[in-house]
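Numbering (my numbering), first residue to last: 168 to 482.
For every residue, glycine included, the Cβ atom is placed at its ideal position computed from N, Cα and C.
Remarks on the structure that follows.
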Ligand code: SF4
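Structure (structure tokens):
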């Protein structure tokens with residue numbers, strides 16, 4: 168296999184721009200680094216500022232096709248401007264599919280309707296369970312009604328979408344753990360959501376740099392990381408980092424607050440070029456050196472395929 172940019176356009180601009188607009192979450196899922204992140208010295212809550220988001224969206228408008236993905240260090244629906252940001256991105260970057268990953272708790276009908284109306288193309292609601300018992304054990308929160316409410320929110324969103332004839336594709340996801348119990352529960356999850364959600368996304372467990380205990384299958388010999396050729400990761404302050412796993416901001420490549428810094432400039436810059444060239448030679452340095460989260464599957468089954476399938480279903 169050739170480990171390189173999937174498309175010529177990808178050399179100029181990432182095929183997916185992953186934007187973390189907030190570093191606050193109201194869940195403490197056992198498979199996420201977030202519960203440890205908020206205990207780190209120096210942690211402070213931060214919502215991405217409008218000017219920073221607009222700069223990102225404006226630049227995406229110059230590179231049609233790059234997927235805008237709201238995800239990462241917090242729950243995007245807790246950002247007070249999530250709907251405004253979606254609307255703005257849809258206006259200035261109309262050829263960029265907009266996707267959101269959420270815990271779904273705040274996806275009440277008025278919010279989901281507003282998001283669909285302003286141009287959200289794809290939503291992924293993380294559920295990870297087929298029973299309330301599993302849900303409350305894995306997706307820890309203070310909300311006693313979380314499982315039923317999230318399921319209800321998704322079903323109501325599907326109904327609204329269908330009634331209004333909107334284009335948003337609605338998916339649910341499940342992280343399959345390396346246990347028989349989890350594999351069996353995924354089968355039930357598939358039955359539960361088949362024919363309801365537009366797609367069921369099956370995920371592997373991330374270890375978040377090995378800090379979340381997990382028995383993860385990692386290929387040997389190790390492959391280069393797909394993310395270096397396809398993803399840019401922007402934190403709530405507007406800094407571009409090598410990886411979403413850079414929770415300590417130790418691998419920042421550029422700060423978009425600086426007027427002279429652009430996503431394309433960092434993407435085409437020497438720091439990433441060096442990392443890519445090294446990984447093609449099987450040399451893993453920096454944050455990647457001890458990483459346990461490189462996704463070998465991504466070269467053959469990238470998330471972009473989910474977006475494409477959804478697009479074919481009506482985006
Ligand atoms: S190898 Fe690991 S740390 Fe490096 S970019 Fe990929 S996922 Fe991130």
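Item                                                                                                                                                                          : Value
Would you mind working out which of 281, 445, 239, 178 sits nearest residue 185, comparing C-alpha positions?                                                                 : 239
Helix, strand or coil for residue 325, going by three-state DSSP, please let me know.                                                                                         : helix
Hey, could you find the ends of the alpha helix (DSSP H) residue 448 is sitting in?                                                                                           : Careful: residue 448 lies outside any alpha helix (DSSP H) and carries neither H nor E.
Pick helix, strand or coil for residue 290, following the three-state DSSP scheme.                                                                                            : strand
Within the continuous alpha helix (DSSP H) that includes residue 420, where are the two ends?                                                                                 : It is not in any alpha helix (DSSP H) - residue 420 instead sits in the beta strand (DSSP E) that spans 419-422.
Touching or not, the region 223-230 and the region 197-211, by the rule of three or more beta carbon pairs under 8 angstroms?                                                 : no
Assign residue 324 to one of two classes, buried (16 or more other C-beta atoms within 10 Å of its C-beta) or exposed (fewer than that).                                      : buried
Alpha carbon to alpha carbon, how far is residue 215 from residue 189? Give it in angstroms, no decimals.                                                                     : 6 angstroms
Quick one: residues with CB closer than 6 angstroms to any heavy atom of the ligand SF4, in chain order, please.                                                              : 392, 394, 395, 409, 410, 412, 454, 455, 458, 460, 461
Got a sec, what are the start and stop residues for the beta strand (DSSP E) residue 399 sits in?                                                                             : 398-401
From this set, 398, 387, 468, 367, which residue's C-alpha is nearest residue 290's C-alpha?                                                                                  : 367
Taking the alpha-carbon positions, what's the residue 479 to residue 288 distance?                                                                                            : 12 angstroms
Given that a residue counts as buried once 16 or more other Cβ atoms are within 10 Å of its Cβ, and exposed if not, what is residue 372?                                      : buried
In terms of residue numbering, what span does the beta strand (DSSP E) encompassing residue 235 cover?                                                                        : 234-237
Pairing CB atoms from the region 432-442 with CB atoms from the region 350-368, are three or more of them under 8 angstroms?                                                  : no
With distances taken from CA atoms, which of 396, 422, 405 is nearest residue 466?                                                                                            : 396
When DSSP builds the beta bridges, which residues end up paired with residue 314?                                                                                             : Paired residues: none, contrary to the question.
Could you check what DSSP says for residue 409 in three-state terms: helix, strand or coil?                                                                                   : coil
Which whole-angstrom value describes the C-beta separation of residue 423 and residue 436, a residue pair presumed to lie in contact below a C-beta threshold of 8 angstroms? : So it is not a contact: roughly 13 angstroms between Cβ atoms.
Tell me the DSSP secondary structure of residue 367 in three-state form.                                                                                                      : strand
Could you round the C-beta distance between residue 221 and residue 255 to whole angstroms and report it? I think they count as a contact, below 8 angstroms.                 : 6 angstroms
Excluding sequence positions up to five away, which residues of its chain have a Cβ less than 7 angstroms from the Cβ of residue 212?                                         : 190, 191
Can you check DSSP and say which residues form a bridge with residue 191?                                                                                                     : Bridge partners of residue 191: none, in fact.
Report back the beta-carbon spacing between residue 174 and residue 305 to the nearest angstrom; my notes put them in contact at under 8 angstroms.                           : No, residue 174 and residue 305 are not in contact; Cβ-Cβ is about 36 angstroms, not under 8 angstroms.
On the three-pair Cβ rule with 8 angstroms, is the region 451-465 touching the region 387-404?                                                                                : yes
Would you call the CB atoms of residue 363 and residue 334 closer than 8 angstroms?                                                                                           : no
To the nearest angstrom, how far is it from the Cα of residue 332 to the Cα of residue 415?                                                                                   : 43 angstroms
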